[in-house]
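So for the sequence shown, the working numbering puts the first residue at 171; every next one is plus one.
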Amino acid sequence: MTRRRRLGLVAALAVPLLLAAAAALPARIDWDGYRESLAQNASARLGRPIGLNGGLRLRLLPQTVLEADGLTIGTAGDGVELTARAMRLRLDPWWLMLGRVVVRELVLVGADIRLPWPPGPLPALGELGALTSLDARLEDSRLRIAGASVEGVSARLLAGGPGDALVAEGRLNWRGQPLSFAASLGRAGDDGTAPLQISGQASGSRIAARGVLLAEGGFEGRLDAAGADLSALLPTPRGAFTASGRITATAELVGVDDLVLELAGQRARGSVSLRLTPPAPSPVGPRLDAALVASRLDLDAWTQALRDGGTPALPIGLDLSADEATFRGAALRRLRLAVQLENGRILVPEATAELPGEGRITASGAGTANASEWALRLQARRLHEALLAMGVDRLLAGALPQGPASATLRLMLDERQAAFSDIAASVDGNRVAGTATWRWGDRPVLGLGLEFARLNLDPWLALGDALGGLDVNLRIGAERAMWRGLLIEALNLDAAAEGGRLVLRRGLGRHAGADLTASASGTLNPPRVQEALLEAQGASLGALAAHWLTVPASFAALPARL
Numbered sequence: 171m172t173r174r175r176r177l178g179l180v181a182a183l184a185v186p187l188l189l190a191a192a193a194a195l196p197a198r199i200d201w202d203g204y205r206e207s208l209a210q211n212a213s214a215r216l217g218r219p220i221g222l223n224g225g226l227r228l229r230l231l232p233q234t235v236l237e238a239d240g241l242t243i244g245t246a247g248d249g250v251e252l253t254a255r256a257m258r259l260r261l262d263p264w265w266l267m268l269g270r271v272v273v274r275e276l277v278l279v280g281a282d283i284r285l286p287w288p289p290g291p292l293p294a295l296g297e298l299g300a301l302t303s304l305d306a307r308l309e310d311s312r313l314r315i316a317g318a319s320v321e322g323v324s325a326r327l328l329a330g331g332p333g334d335a336l337v338a339e340g341r342l343n344w345r346g347q348p349l350s351f352a353a354s355l356g357r358a359g360d361d362g363t364a365p366l367q368i369s370g371q372a373s374g375s376r377i378a379a380r381g382v383l384l385a386e387g388g389f390e391g392r393l394d395a396a397g398a399d400l401s402a403l404l405p406t407p408r409g410a411f412t413a414s415g416r417i418t419a420t421a422e423l424v425g426v427d428d429l430v431l432e433l434a435g436q437r438a439r440g441s442v443s444l445r446l447t448p449p450a451p452s453p454v455g456p457r458l459d460a461a462l463v464a465s466r467l468d469l470d471a472w473t474q475a476l477r478d479g480g481t482p483a484l485p486i487g488l489d490l491s492a493d494e495a496t497f498r499g500a501a502l503r504r505l506r507l508a509v510q511l512e513n514g515r516i517l518v519p520e521a522t523a524e525l526p527g528e529g530r531i532t533a534s535g536a537g538t539a540n541a542s543e544w545a546l547r548l549q550a551r552r553l554h555e556a557l558l559a560m561g562v563d564r565l566l567a568g569a570l571p572q573g574p575a576s577a578t579l580r581l582m583l584d585e586r587q588a589a590f591s592d593i594a595a596s597v598d599g600n601r602v603a604g605t606a607t608w609r610w611g612d613r614p615v616l617g618l619g620l621e622f623a624r625l626n627l628d629p630w631l632a633l634g635d636a637l638g639g640l641d642v643n644l645r646i647g648a649e650r651a652m653w654r655g656l657l658i659e660a661l662n663l664d665a666a667a668e669g670g671r672l673v674l675r676r677g678l679g680r681h682a683g684a685d686l687t688a689s690a691s692g693t694l695n696p697p698r699v700q701e702a703l704l705e706a707q708g709a710s711l712g713a714l715a716a717h718w719l720t721v722p723a724s725f726a727a728l729p730a731r732l
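Set out below in C-alpha cells:
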C-alpha cells in the first residue's frame, strides 16, 4: 500500500471519528465549572458585568457556539440600561479542546438597550477603559433614547484598543423600511473633542454626518443627504433630493442650519430642529420642526404628501414660505403656511397668500387626511382677477360685480364634497350671505343658497353654457334685483339645472306694486323655455305693463291680475 493511500485511509477513518466526537463532546462537558470563566470573558467583551444563571448549550459545527439564557447584565456607571433574551458566545475550538475558554465573538439576542439622555460630558472619553475591548453583536434588538424607540436593530459594536475608534454598523427598521447604518467614534484628544462620523442608507437614500463631539457636551459638524425619493423617509412630495447643512446637537436639541434642499427640481433653504427634551413643565415628548423658504412651491404635492404621510412617529411642525405657489390651479404669491402633524391630525394655525387683483386670502383649520374644517378670509380690490387666479371664474363668468370685495366663511372638506357655510361678504358694496356646496363626481353638483342686498340677474342667466357639465341647485334671495331693466323687490328663486334641463320650481317677487309668482321649465342648450307660468296681482295695468308697452289712459288705472 502506497503512502498516499495510507494517508487517505487514515483521513477517511478520522473524519467520522471527529464528527462523532463533535456530536458527543458537548453532552459530556460539565459547563457549570465554566460559568465563571465564560461570564468573565463575556463581561470583558461587553464592558459590564454579566451573570449566566440559565441553561448552557454548546454547538460545535459548523462553528463552536455556546448559547446561554437567563442573563443578568449589570451597569458600568455610564447610565446605559441593558437586558437581553439570550446570548451566544463563539468559542475557539482548539483552546476548548485544551480545556480553556476563549471567546471570539459575543452576540446578544433580543437586547433592549436604553441609552441615557441627556448624555454625560465627554472628557471621560479619553479614559473609557470599558470600551477598549468591546466586541459584540446585536440581533433582533431594540434601542431606546429620549422617549424614542427603534425596533429590529441588528448591529456589531467594536473597539479594538485604546487608540482605536469605537465602530458600530448594522441595520434597523425606520417607518417600516429597512435602514443600514455605520458609525465611527474616535478617541478624544487632549482638548477633549472626539471625531464622529455617522452614515445611513434606506429606500435608495443616503445620509451622512461628520463632525466632532465637544468636551463640554454636544456635537458640531456637517450633514449631507441625497436619494431618489424623500417621501419614503419623511412626509414630503415625491422626487429625487439633495440636502446639506450645518448640524449641531445638545442634550435638548438637534438642529440643522443653513440647510439647502433641492426636491423634485425645486430649491429651498431653511432649517430643521429635533427637540429631544421639551421645556418644563410641558408634557410633550420629542418633536421635529422644519422651516423652508423657496422661490416656487407646488402646494398640491405638499398637501398630498401630508395626507398620505399617515401618523408620524413623533409630532411634526412645518413652516413653508414661497414667493410663488400653485394650489388646485390657483396662482398664489407670498405664501406662508404653518402645519402641525400629531396623532393622525393635521393642524394649520395660519396660512396666508396674496392673489392677483390686490387680493389676499387667510386660512386656518384642522382635520385628518379625509376630512377637515377651515375658517377663510378673502379680500380683493379687483374681484374678477382674484377669482380668475383661484380658478372659479369659469362658473361665475362675471356674474359677480368686479369691484372690491371682502368675505369670511367656513369650509368643511371631505372626500365627497366641499361645504361652505357662514358666508358673510361684501362685493362692491353689496352684502352677500348664505351657504354653498360642491360635490365631486363624474357629474359635479353645485348648490347655492345665497342672500343678496342687490342682485343683477342678467349675468347669472348667462351661465347656461358653463352649467352644461354639472348639476345645480339654487335658492337665491335678493332685497332688490334687476332683470333686463326691471326692478324686482323681495325676490326669491328656487331653481335647478340637471342633465341639461332647467327648472324654476318657484319664483316670488314684487314689481310695480304687483306680487309675482312664476314657474318654468326648459333646456340649457339650446336655451329654450318649454313651459312657463306667471301670476301677477295687486298692481294697476299701466304700471305693470309700462316696461313693454304704453297702455291707454282709460285702461292704465284698472287693477291687473294675470
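Glycine included, C-beta positions come from ideal geometry on N, C-alpha and C.
All of these numbers come straight from a predicted model, not from anything done at the bench.
C-alpha gap between residue i and residue j, whole angstroms
i    : j    : result
G435 : A410 : 8 Å
E321 : L222 : 26 Å
E297 : M257 : In this prediction, E297 has a pLDDT of 39, which is less than 50 and means its spatial position is unreliable; what the coordinates show is noted afterwards. Roughly 28 Å between the two C-alpha positions.
L292 : A338 : Caution is warranted here: a pLDDT of 42 is assigned to L292, below 50, making its placement in the model unreliable, and the coordinate value is therefore given only provisionally. Answer to the nearest angstrom: the Cα atoms are 18 Å apart.
N643 : D478 : 33 Å
L400 : S350 : 16 Å
R274 : P263 : 10 Å
R624 : R650 : 5 Å
L686 : A588 : 34 Å
R270 : A214 : 16 Å
G611 : F590 : 18 Å
A595 : R601 : 6 Å
E494 : D468 : 9 Å
A660 : A706 : 14 Å
A378 : L423 : 18 Å
V250 : R312 : 13 Å
Q233 : A402 : 39 Å
I658 : I486 : 56 Å
V246 : A306 : Here residue 246 is Ala; the residue named in the question, Val, does not match the sequence. A246 and A306: Cα-Cα distance of roughly 16 Å.
A294 : V382 : Reliability fails at A294, whose pLDDT of 38 lies under 50, so the model's placement of it is uncertain and no value is given.
Spatial neighbours of residue i in its chain, beta-carbon cut-off 8 Å, leaving aside the 5 residues before and after
i    : result
G388 : T418, A419, T420 and A421
E206 : none
R437 : V430, L431, A464 and S465
S534 : V518, P519, E520, A521, W544 and A545
Cβ distance (whole Å) where residue i is taken to contact residue j below 8 Å
i    : j    : result
A536 : L558 : Going by Cβ atoms, the distance from A536 to L558 rounds to 30 Å, so no, they are not a contact pair.
R218 : G240 : 17 Å between Cβ atoms; not a contact.
A606 : G617 : 6 Å
R439 : R457 : With a Cβ gap of about 22 Å, R439 and R457 do not count as contacting.
R676 : S689 : 6 Å
Cross-strand partners of residue i (DSSP beta bridge)
i    : result
P365 : V382
T412 : A396 and E432
D584 : A541
D239 : A256
R227 : E237
Sequence-distant residues of the same chain with beta carbon closer than 6 Å to residue i, five excluded per side
i    : result
L490 : L462 and L507
Q700 : S691 and G692
R380 : Q367, G391 and R392
D310 : G280
L488 : A460 and V509
T481 : G514
F622 : V602 and A648
R227 : E237
Nearest to residue i (by Cα), restricted to the options the options
i    : options                   : result
T473 : S213, G359, L511 and E386 : L511
L505 : A238, E524, N513 and L627 : E524
N343 : A372, L672 and A501       : A372
D641 : L672, R654, M652 and A688 : L672
S441 : L433, P456, S414 and L467 : S414
I220 : G203, L252 and L228       : L252
V323 : D428, G619 and R284       : R284
W608 : Q210, L502 and L583       : L583
E585 : A501, N695 and T538       : T538
R498 : N513, A471, P348 and I593 : A471
P526 : A500, L266 and A556       : A556
A352 : V597, R376, P456 and G362 : R376
V235 : Q210, L656, L216 and L266 : L266
A212 : L261, G225, R227 and S689 : L261
A398 : L384, E386, R698 and G374 : G374
Distance cut-off 7 Å: residue i Cβ against heavy atoms of the ligand SAH
i    : result
A501 : Although the ligand SAH was asked about, the structure shown includes no ligands whatsoever.
Close beta carbons around residue i, own chain, < 7 Å, minus the five adjacent residues each side
i    : result
L719 : Caution is warranted here: a pLDDT of 49 is assigned to L719, below 50, making its placement in the model unreliable, and no coordinate value can be reported.
A192 : With a pLDDT of 49 at A192, under the threshold of 50, the modelled position of that residue is not reliable, and no figure is offered here.
L433 : L400, T406, P407, G409 and F411
G356 : A335, A364 and P365
Q549 : G529, R530 and S576
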